[in-house]
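Below is one structure, written out as structure tokens; comments come after it.
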Amino acid sequence: MSTDVSKDLISISIDGREVKARPGELLIAAAEEAGIFIPRFCYHPRLPQVGMCRMCLVEVSGPRGFSLQPSCYVPVSDGMDVITDSEKVKKAQDGVLEFLLINHPLDCPVCDKGGECPLQDQTLAYGPGESRFAEEKRHFEKPIAISELVFLDRERCIQCDRCTRFADVVAGDALIEFIGRGDNTQVNVFPERPFSSYFSGNTVQICPVGALTAAPYRFKSRPWDLAQVESSCITCSMGCRIMVQSSQNQVIRYIGLDSDQVNHGWLCDKGRFGHESLSSPDRVTAPLIRKGDSYVETSWANAISIISSKISGIKEKIGSDRIGFIIGSKLTNEDIYAWVKLAKGVIGTDSVDSQLGDGISADVISRLNRATINDAVTSKVVLSFTGDIKEEIPVLYLRLREAVKNGNTKVITIATHSSSLDGISEIQVFPSLDQLRPLAQQITADSSYFPEVSSLIKSSGVSADGEGLVVLLGRENLAWDQTVVEAFALELARVAPKAKFLVTLHGSNFSGGVDLGAVPRFLPGRSSLSDPSAGLRQKWSRFPSHNGKSVKEMFKSALKGEMDLLFLIGSDPRTDFVDTTLSNTALDEIGFVVSVDTFMSESSSRADLVLPAAAFAEKYGTITNLEERIMTVNQKVTPPGLCRPDWEIACEIALEIGSDLGFSSPEEILGEISNISSLHWGLSFDRLSRLSALDGVVIPLTSTPLTLKKKPMFDQISTPGIASVWNQGLASSKTSFIDSSASISDESDSPTESKVPTAISVEPIWPLPPIPGTSEMPLVYCRRLYSQGQLLKNSPHLSRLAVEPRCRISSETARAIGVAVGESVRLTDKAGGAGVFEVEIDDGIREGWVEMVKGMSSSQSFSPIRVDETMNYVKLERV
Amino acid sequence: MTTKIVTARTNLPDSYRLSTYLENGGYQALRKALSMNPEDIQAEVVASGILGRGGAGFETGRKWSMLKQDPVRYLVVNGDESEPSTFKDHLLVEADPHQLIEGTLISAYAIGASMAFIYLRGEFALGLERVQSAINEAYAYGAIGRDIFGSGFSIDLVLQPGAGAYICGEETALIESLEGKRGYPRIKPPYFPAVIGLYGKPTIVNNVETMSNIPWIITNGGKAFASLGSGRSTGTRLFALSGDVAKPGNYELEMAASSFRDLIFSPELGAGLFPGRSVKAIIPGGVSAPWFGPEHLDLPLGQDEVAKAGSMLGSGSVIVIDDHSCAVRAAWRITKFFHRESCGQCTPCREGSGWIEKIMHRIEIGAGTESDLDLLLDVCDNIAPGLSWPPQQTTICVLGPSIPSSVVSAIKMFRDEFLIHIKEEGCPFVH
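Which chain is which? The protein sequence lines are X and P, in order.
Taking my numbering, the leading residue of the first sequence gets 222, the next gets one more, and so forth.
Taking my numbering, the leading residue of the second sequence gets 452, the next gets one more, and so forth.
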């Protein structure tokens, strides 16, 4: 099977053994794949090599015989002769180890790294029993906080340049640097500038000693007390592969796993340290029923029976239309399916939605030709029309940044405001609403409205039908209605049918919501309401008789008194809906609100009944990331109190109203999903646990032949203990070749019905730009990584980084209004709602525009967004 | 009396001024060069056989011939002379900056450089002032800049002061520093900046003294230069003599024509030792070089002659250690220098330099033990395996393997002196 790869391989000799290697591959990597581990500290497979620590010295043959050379810096060449186990090599390596130790403190017993420390391990294995260094060691103040999240102990540092390289080369946040010379070299931050990178936690993970430690993990546990399981992060839609580590039934730490397709081992700090929220005291741990202004605990049986009688009552009296479900984005696919089956297949309401006015309609998403992350980073041109991905999907930003820096792709940004992508974009376009249409129509034309855009697209080799173009499609500006983005996407897909779309919405399992029918007018597997799949007709007893409502429509109905029962499933629309003014007034009007959640959020704390749900790491299942990759999330700890997984709760409610959903485990749910949905055909937990599916599989599974690629190398230093993990394995200890495409050619039957409508078949409906009133300014409404929310609020360390909603304007605009930094302005929206915000000056904002950061404010529920406006305008006055 | 090439004008009053330089034939070589083909200039330099005067002694002509073809190429002059006892370039930049500039311009023309840089040690306050004034004078005179002397050849010459690091004399560290980065030597391969140098472009890095020889070679021809000296050691060399000697200073001598004894004892050169003292050791080519005993005094001052005897002529600085000086202290002071100047990139050099210095200091102040000698040799062996000469190295650049030279020489040649320090718990010499 590996013929196409192996014919290019060359032969080298390591310790007398013939070893096959790829031309140009580094010797240290070739040796590792052959099972010969050369010790190292500074080498990291995802970082440019520097050859600094000199631990990996081996003897390499050259024109003047064998000489010691750093194997992390020597590319293999045909016939190369290498010795890794001679006395000379051992002496040199032992010498380096001894040198590293002379100034390294012997504080292993109180060091977080103790027990998973490569320096400690190698010293134990090969080092001498006693130190020959009788002098005073180098001293620094220990440890110093270089940010809210990271502590630095310069005495422990071995100057391997891993953290500084990562910060500079990968993250682009060169906020830590070497200072001083020789053995006085120290890593440090610049004066008055903390290491405030969104990716700082990665430096802690890749530090080969305990020099960098994470504030949330310091002194929490010892590595040998940690048990671990692989999972996927659900902080955003990237789905980074992680190792969840726990001690005494408490999640203590996440470690980024190196997935070639997804995260390359990196995590953002919000994902990495968000686990603190799991053990928040604000967790809901028992069913709670409202009694006046407070809650009393009740039993599951009682809670379920209350819900059941509410449902039955409403169904009998008025009909199931007045029942709605708002489903959050952090649920597993199995949870979503169970709720959707309960709502649509048992109760019979189609009013189920999983987007809070910040999404793109399922109808449009399902018509698009979808791209994978790897498609995007290897495309000829990336056209970005999405929110700031560094703020919303941080690790995707790292992947894209790397691709641009390596010259693998080029980025064109379409935006209403400046973003982190500007730094890696060739061209930024700031079109007005009516310029978007010609921009899309002429994207691959010879000349266009924006000639520099089409000429770059053409000169980069994108074909006239869009082949080679990947569009990052998200909500660039939440103050512009989603119909703008949808029309743009459909228009572009008609002009350039071969262009691919990576839907970069933020919500972690938004794809699962779209694919599994947690949106109005769709059934699981993207079947339409009127035309259920054969599988669905077999497994479901009934279907909603007519189209249901979106969240926006549910809220509007509520204002008219037409919603009697609303389920908030892991969803907090009082905070998260774009128009919080609407969500807050509407929710107050709904007869009975059931919240199924992990926290007492703004919404659950005003619900009539609150059911405690199991959170991430407390249940298992699958998620679908932004590129339609199905990945597993696994259970590591037992849920606290009476918390239960969502799917179980849905099953209980169904049973109580006299219907059996027909499954009793996530395995059975996934089995049913794969049965009723051609999109999910062939999926099972068994399939997902195969070596070929370590990083998950992109659906729909294809029947193309296996393409074998070399397994990516793990950095053994930053993924301690991975060697012992059941299916990950060391690159050297497992077979070197895996199939990355996870084909299903070995299965006999293939899906029959896969008729998804394409974008070309519909005419986009372009919204008309509104005419602003006098002295109204266009608004930019966007998300920040540390925008206020449940995760931040309940994670003690991250909460310190929370950004308050501020009103940001350019210095020109500030001058025109007559406000200065730190002063406040009153923001008035079309409907007359007003809020007072502190002003921040940022000249990245266009003159005459106003930028607001989305997120709850501690003091006010004012939102400048009105859901019916195509573009939102606000008035600004000095207070 | 030997021919003076680079120091021909250094004793003239106002030797650093353009007027003095022009009165003494200055910039005639540049005019001549600009009328020649660049290939012919290169041929003259090859014919001169001049070895680079920075320390490694690589043939300049050969280095130039290795320069990769590229529309953008650079010439960098290495004037970061910072080693203890090395002060020859110091004299040349202060006393005859125009000679350096003229040599640089001829070389830049010969190799087709698009821009030239002089990187001078930051502590050369007077030198920086003199070179900058000279560059300004030369611009005004029409020797630098656009269409030099109407020849059609244009080039800019930029003076860059170093920021106080010895390591920036290593050519790849110098290039990094010139690019505005930390002065870290680059990993080899590529072995030569002639392939990938400044800003990733092919670059020639030449020493100040090498450049200062170029005008004479163009005026008198490569053959005339090669007729001086013997073997591979052609021309003259500027020797910086220091240590326990009556008349320390810079002396320009025909290569391989005189011996260390001549340099140290000739009345017109070093003029001998202080009364009643004798030579205990000499360090022949800067503090990186292994030491010689008095038995090597009659060795000619030639590149290969010194190499064959187990050391190096290096930067041409000769240190005399007499019998009233402490070998342990001398070796300790040298390691102290390397400890201070290690860039910190490679573990063996970063950590080893400090460790060796600490042990040497301990022995010198009387706190050493006999086993420290074996420890020292073993630590040195971990930086430069085998302690052979030329050294094998475990580090990116040669600063690492330079550290053991003095320590190993001192232990080999003066083991008794170490033992006296240890037994008597202190240094027996009066400082």
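The beta-carbon is built from N, C-alpha and C at its ideal position, and this holds for glycine as well.
Bear in mind that the values here come from a model prediction, so they are computed numbers and not experimental data.
Would you mind sorting residue i into buried or exposed? The rule is 16 or more other CB atoms within 10 Å of its CB.
{"i": "T453 of chain P", "result": "exposed"}
{"i": "I851 of chain X", "result": "buried"}
{"i": "D809 of chain X", "result": "exposed"}
{"i": "F575 of chain P", "result": "buried"}
{"i": "T687 of chain P", "result": "buried"}
{"i": "Q270 of chain X", "result": "buried"}
{"i": "P244 of chain X", "result": "exposed"}
{"i": "A388 of chain X", "result": "buried"}
{"i": "Y650 of chain P", "result": "exposed"}
{"i": "Y347 of chain X", "result": "exposed"}
{"i": "G687 of chain X", "result": "buried"}
{"i": "I992 of chain X", "result": "exposed"}
{"i": "S668 of chain X", "result": "exposed"}
{"i": "E239 of chain X", "result": "exposed"}
Would residue i and residue j be called neighbours here (beta carbons separated by less than 7 angstroms)?
{"i": "K358 of chain X", "j": "N324 of chain X", "result": "yes"}
{"i": "T654 of chain P", "j": "R637 of chain P", "result": "no"}
{"i": "G568 of chain X", "j": "I539 of chain X", "result": "The amino acid at residue 568 of chain X is misidentified as Gly; the sequence shows Ile. Cβ atoms of I568 of chain X and I539 of chain X: not closer than 7 angstroms."}
{"i": "Y570 of chain P", "j": "D531 of chain P", "result": "yes"}
{"i": "S605 of chain P", "j": "C619 of chain P", "result": "no"}
{"i": "V849 of chain P", "j": "C831 of chain P", "result": "no"}
{"i": "E849 of chain X", "j": "S754 of chain X", "result": "no"}
{"i": "V799 of chain X", "j": "L699 of chain X", "result": "yes"}
{"i": "K631 of chain X", "j": "S681 of chain X", "result": "yes"}
Which residue's Cα is closest to the Cα of residue i: the options?
{"i": "A432 of chain X", "options": "X:W521, X:N523, X:V391, X:L340", "result": "X:L340"}
{"i": "G791 of chain X", "options": "X:I635, X:G728, X:T593", "result": "X:G728"}
{"i": "N903 of chain P", "options": "P:Y650, P:P841, P:I665", "result": "In the structure as shown, chain P begins at 452 and stops at 882. Residue 903 of chain P is therefore absent and cannot be evaluated."}
{"i": "S232 of chain X", "options": "X:A507, X:I455, X:M301, X:C454", "result": "X:M301"}
{"i": "V919 of chain X", "options": "X:M459, X:A251, X:R795, X:G335", "result": "X:M459"}
{"i": "Y642 of chain P", "options": "P:P751, P:R780, P:F509, P:G573", "result": "P:F509"}
{"i": "E356 of chain X", "options": "P:T846, P:E802, P:P852", "result": "P:E802"}
{"i": "A546 of chain P", "options": "P:N833, P:E495, P:A675, P:A459", "result": "P:A459"}
{"i": "R1087 of chain X", "options": "X:V1100, X:W1070, X:G1054, X:V585", "result": "X:G1054"}
{"i": "A697 of chain P", "options": "P:L826, P:P640, P:S729", "result": "P:S729"}
{"i": "W742 of chain P", "options": "P:L724, P:A835, P:S766, P:S860", "result": "P:S860"}
What residues in its chain sit with their C-beta under 7 angstroms from that of residue i, if we drop five residues either side in the sequence?
{"i": "I873 of chain P", "result": "I814, G819, T820, E821"}
{"i": "S421 of chain X", "result": "S368, L370, V371, D490"}
{"i": "A559 of chain P", "result": "L526, A567, I606"}
{"i": "D967 of chain X", "result": "Unreliable positioning characterises D967 of chain X in this predicted model, as indicated by a pLDDT of 41, which lies under 50. The coordinate reading is nonetheless provided below. None."}
Note down, in chain order, each residue of its chain lying with its Cβ closer than 6 angstroms to the Cβ of residue i, except the 5 sequence neighbours on either side.
{"i": "A963 of chain X", "result": "Low confidence applies here, because A963 of chain X scores a pLDDT of 42, under 50, leaving its location unreliable; read the following figure in that light. Once the five neighbours on either side are set aside, the close Cβ partners of A963 of chain X are S913, A914, V918."}
{"i": "S282 of chain X", "result": "D302"}
{"i": "C378 of chain X", "result": "V408, A432"}
{"i": "G812 of chain X", "result": "D785"}
{"i": "T853 of chain X", "result": "T843, L909"}
{"i": "A836 of chain X", "result": "L499, T819"}
With a CB to CB cut of under 8 angstroms and the five nearest residues on each side skipped, what residues in its chain are close to residue i?
{"i": "R866 of chain P", "result": "L824"}
Could you give the uninterrupted runs of the alpha helix (DSSP H) lying entirely in the region 649 to 720 of chain P, keeping only those of 4 residues or more?
659 to 671, 673 to 677, 711 to 716
Enumerated in chain order, which unbroken segments of the alpha helix (DSSP H) with a length of 4 residues or greater are wholly contained in the region 701 to 752 of chain X?
703 to 716, 731 to 736
Can you list the alpha helix (DSSP H) stretches of 4 or more residues lying completely in the region 513 to 539 of chain X, in chain order?
521 to 538
Mind checking the region 795 to 819 of chain P against chain A and listing, in chain order, the residues whose C-beta falls within less than 7 angstroms of any C-beta there?
Annotation note: the requested chain A is absent from the structure, which comprises protein chains X and P.
Of all the beta strand (DSSP E) runs that stay within the bounds of the region 386 to 432 of chain X, which reach a length of 3 or more residues?
397 to 400, 407 to 410
Secondary structure, alpha helix (DSSP H): runs of 4+ residues fully inside the region 564 to 631 of chain P
576 to 592, 622 to 629
Taking only runs that begin and end inside the region 982 to 1053 of chain X, name each unbroken beta strand (DSSP E) of 3 or more residues, in chain order.
997 to 1003, 1028 to 1030, 1045 to 1050
Write down every uninterrupted run of the beta strand (DSSP E) in the region 724 to 807 of chain P whose length is 3 residues or greater and which is fully enclosed by it, in chain order.
730 to 734, 768 to 773
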